[in-house]
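Undergrad: Just dropping this structure here.
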Amino acid sequence: MSTSQQWRHAGLMVAVAMVVLFIGSADAWGCPSGFKNCDPYKPGCETCIKNDVNNCGDCKKQCKDLPYTTKKCADGKCVYSCKPGWADCDKNMNNGCETDTGKDATNCGACGKCCKQVPYAVTKCSGGKCQEPVCKAGWGNCDKNMWSNGCEKDLGKDTANCGSCYNKCKVTLKGGEATCSGGKCGQQCKKGTKFDKTKNCCVPVKAY
C-alpha cells in the first residue's frame, strides 16, 4: 500500500469514528441527546425536550395545566409547584393544589393546621390565620370564656340573657314569672296558677 493510500485509509477511519461518536450521542433523528426536531417546518434540532413544557421528554408531550399550580419541565419531566396560598393537601397532584390555605379552617396556613372549634361558635380562617370564634345565631358568650365553653348561653330562651347577654327579663305580673321566647321577654303565671282578670294577678287554680 502506497503512502497516499495509507493516508486515505487513515482519513476514512477517522471519519467513521466521528460518525460512530455522533450516532452514540444522538437520537433516531440524528439530534444530539436532549434535542429533537419537533417542528417539521423548522430545520434542525430546535427543541430542547429537557425544559420545554410543550415537548417535555418527547415531542408533543405537554405538561398539563393543573388548578392553582405553576408548571415547568425539568430534565424531561413535568414538575408542579403550588401557587401562593394554595396547597396539595390530599397528596394527589392530579387535581392540582386544591386547598385554599388562606380560608380553609382545617388547613389554615398549612396542610393539617386546624382552627380550634368551640361549642355554638364558628372559627374561621382568614389570610392563613385562625380568627377569633364567632357565636352562631341565637347564642352568646356571656361568661367571656370563649376558648373554654364557647357561646354557652341560648339567647332565645335564657331569661337572664334574653336576646343578648345580661338582658334579664323583668316580671310585673303579681304571682307570675318571666319567659324568654325567640329572644324576646314575656311573662306568664306560674304552674298551678292562672290569670284572674278581675284581680289582675295570678291566683291558685282551685281543685274540684
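All the letters of the sequence shown, read from the start, carry residue numbers -28 to -1, 1 to 180 under mature numbering (1 follows the signal peptide of the UniProt record, and there is no 0).
Even glycine gets a Cβ: it sits at the ideal position worked out from N, Cα and C.
Please read all numbers here as calculations on a predicted model, not as lab measurements.
(1) Would you identify the three-state DSSP class for residue 120, choosing helix, strand or coil?
(2) By Cβ distance below 7 Å, which residues in the same chain neighbour residue 167 in space, the five residues on each side in sequence not counted?
(3) Inspect the CB distances between the region 116 to 123 and the region 140 to 160 and report whether three or more fall short of 8 Å.
(4) Going by beta carbon distance, what residues of the same chain come within less than 7 Å of residue 35, once the five residues before and after it are set aside?
(5) I'd like to check one pair, residue 147 with residue 126: are the Cβ atoms closer than 8 Å?
(6) Would you call the CB atoms of residue 58 and residue 71 closer than 8 Å?
(7) Could you name the residues of the same chain whose beta carbon sits closer than 8 Å to that of residue -19, not counting the 5 residues immediately before and after it, in chain order?
(8) Excluding five sequence neighbours on each side, which residues of the same chain lie with their C-beta closer than 7 Å to the C-beta of residue 139?
(9) Determine the direct distance from the alpha carbon of residue 136 to that of residue 159, and round the result to whole angstroms.
(10) Using CA atoms only, rank isn't needed, just tell me which of 66, 67, 69 and 96 is closest to residue 80.
(11) Where does residue 99 land, buried or exposed, given buried means 16+ other C-beta within 10 angstroms?
(12) Hey, could you find the ends of the beta strand (DSSP E) residue 161 is sitting in?
(13) Which residues does DSSP list as the beta-bridge partners of residue 151?
(14) Mind checking who residue 20 pairs with in its DSSP beta bridge?
(15) Please report the straight-line C-alpha distance between residue 106 and residue 94, rounded to a whole angstrom.
(16) Hey, how far is the Cα of residue 177 from the Cα of residue 131?
TA: This is what the structure holds:
(1) If DSSP states are grouped into helix, strand and coil, residue 120 belongs with the helices.
(2) 161 and 174
(3) no
(4) 25, 28, 43, 45 and 50
(5) no
(6) yes
(7) With a pLDDT of only 48 at residue -19, under 50, the local geometry of the prediction cannot be trusted, and no value is derived from it.
(8) 133
(9) 18 Å
(10) 96
(11) Per the 10 Å Cβ criterion, exposed.
(12) 156 to 161
(13) 158
(14) Residue pairing by DSSP puts residue 20 in a beta bridge opposite 7.
(15) Approximately 5 Å between the Cα atoms of the pair.
(16) 25 Å
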